[in-house]
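Residue numbers (our numbering): 105 to 362.
Note that beta-carbon positions come from the ideal geometry of N, C-alpha and C, so glycine has one too.
Reading through the structure tokens given below for one structure.
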Amino acid sequence: MNALRLLAVPAFVDNYIWLLADRDGNALAVDPGDAAPVRAALRREHLRLRAILLTHHHADHTGGVADLLGDGTVPVYAPDDERIAADHRVGDGAVVTLSAPAARFEVLAVPGHTRSHVAYVGEGFLFCGDTLFSLGCGRLFEGSAEQMLASLDRLAALPDTTQVCCGHEYTLANGAFARTIEPGNADLAARLDQARRLRGGGHPTLPIDLASEKRCNPFLRVDAPAVASALDGDARGSRTARFATLRARKDGFRAMDT
């Protein structure tokens, strides 16, 4: 693993734009939905933008790209989707190799939230956009429950030490829902305590290691007996049915106490 520094740049209400920088001041940006906070972070940290990685087409993840490209020639890597302007199209199994900062990422197709969503895995990090959140997962806007579950299975198979870098700060709200599914999960309770302390101090709850998510996130735990027992009737039968039921419940859930 290279000596790379990760920065979470807040944007909008709850987005994170991720910067990964080397010691020489070279940085890449992941999902810069807004140029202004990226520019401010680059100035503050004395960094030069060298590359942009995009996970999916939603404007809160791509909206700042055009303004950032005004600073010079910066390669943009994005899934093969006509809704995204990019000069490098990447698909499942592709490898993105950068010289500055020196970094290598494998591209994983993770449809579900959108049909062309991808994730970037490398240097110990997982940039997963809106597919996987801490203690949750993305809504099914364009894909099916089967697709999203398969995508989450792929991510869950990565090394436990992988640092999960999601696109939004949803941990407390997701945790409130997760607690309704596994109220007796001690790891989940500890993660929520940690998240409250972090947010109370004005800090992100991310990144988080994948091992923690596998212990706490109900959408990665559809095979856990406690999760199955929290569901009704036929939903307990198949993995896809359990996942679809969880996602539908989450869609209608409103956190009252986070």
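{"Asked": "Cβ-Cβ separation, Ala112 to Ala308 (assumed contact under 8 Å), whole Å", "Found": "According to the sequence provided, residue 308 is Pro. The question's Ala does not apply to it. Sure, about 5 Å apart at Cβ, within 8 Å."}
{"Asked": "Val199 to Asp336 span [Cα, whole Å]", "Found": "42 Å"}
{"Asked": "Close beta carbons around Gly288, own chain, < 8 Å, minus the five adjacent residues each side", "Found": "Ala330"}
{"Asked": "Backbone CA spacing between Arg187 and Trp122 [nearest angstrom]", "Found": "21 Å"}
{"Asked": "Contact check, Gly240 vs Lys354, beta carbons under 9 Å", "Found": "yes"}
{"Asked": "Test item: CB-CB of Asp385 and Gly247 under 9 Å", "Found": "Look at the range of the chain in this structure, 105 to 362, and you will see that residue 385 is not part of it."}
{"Asked": "Beta-carbon contacts of Arg219 that lie in its chain and below 7 Å, excluding the five residues immediately before and after", "Found": "Glu246, Gly247"}
{"Asked": "Outcome for Pro365 when other beta-carbon atoms lying within 10 angstroms are tallied against a minimum of 16", "Found": "This structure leaves residue 365 out entirely; the chain is present only between 105 and 362."}
{"Asked": "Buried/exposed call for Thr265, threshold 16 Cβ in 10 Å", "Found": "exposed"}
{"Asked": "Nearest-angstrom Cβ-Cβ length linking Gly226 and Arg208, presumed shorter than 8 Å", "Found": "5 Å"}
{"Asked": "Inside the segment 262–312 only - beta strand (DSSP E) runs reaching at least 3 residues", "Found": "267–270"}
{"Asked": "Pairwise C-alpha distance: Asp191 and Thr362", "Found": "Because Thr362 carries a pLDDT of 38, less than 50, the predicted location of this residue cannot be relied on, and the following value inherits that uncertainty. For Thr362 and Asp191, the distance between alpha carbons rounds to 41 Å."}
{"Asked": "Alpha carbon of Glu286 to alpha carbon of Pro322, nearest angstrom", "Found": "8 Å"}
{"Asked": "Alpha helix (DSSP H) runs contained entirely in the segment 203–264, provided each spans 4 or more residues", "Found": "249–260"}
{"Asked": "Pairwise C-alpha distance: Ala282 and Leu324", "Found": "11 Å"}
{"Asked": "Ala155 versus Ala133, Pro114, Pro141, residue with shortest Cα-Cα distance", "Found": "Ala133"}
{"Asked": "Cys261 versus Gln267: straight-line alpha-carbon distance, rounded", "Found": "Note that residue 261 is Ala in the sequence shown here, rather than Cys. About 13 Å."}
{"Asked": "Among Tyr120, Phe116, Gly129, Ala115, nearest to Pro311 - alpha-carbon criterion", "Found": "Tyr120"}
{"Asked": "Collapsed DSSP secondary structure at Thr159 in the structure displayed", "Found": "coil"}
{"Asked": "Where Val117 falls, given that 16 or more other Cβ within 10 Å makes a residue buried", "Found": "exposed"}
{"Asked": "Rounded distance between the beta-carbons of Thr344 and Leu253, thought under 8 Å", "Found": "6 Å"}
{"Asked": "CA-to-CA distance, Arg258 to Val211, given in whole angstroms", "Found": "12 Å"}
{"Asked": "Span separating the alpha-carbon of Asp135 from that of Gly233", "Found": "7 Å"}
{"Asked": "Beta-carbon gap between Asp184 and Val169 smaller than 9 Å", "Found": "no"}
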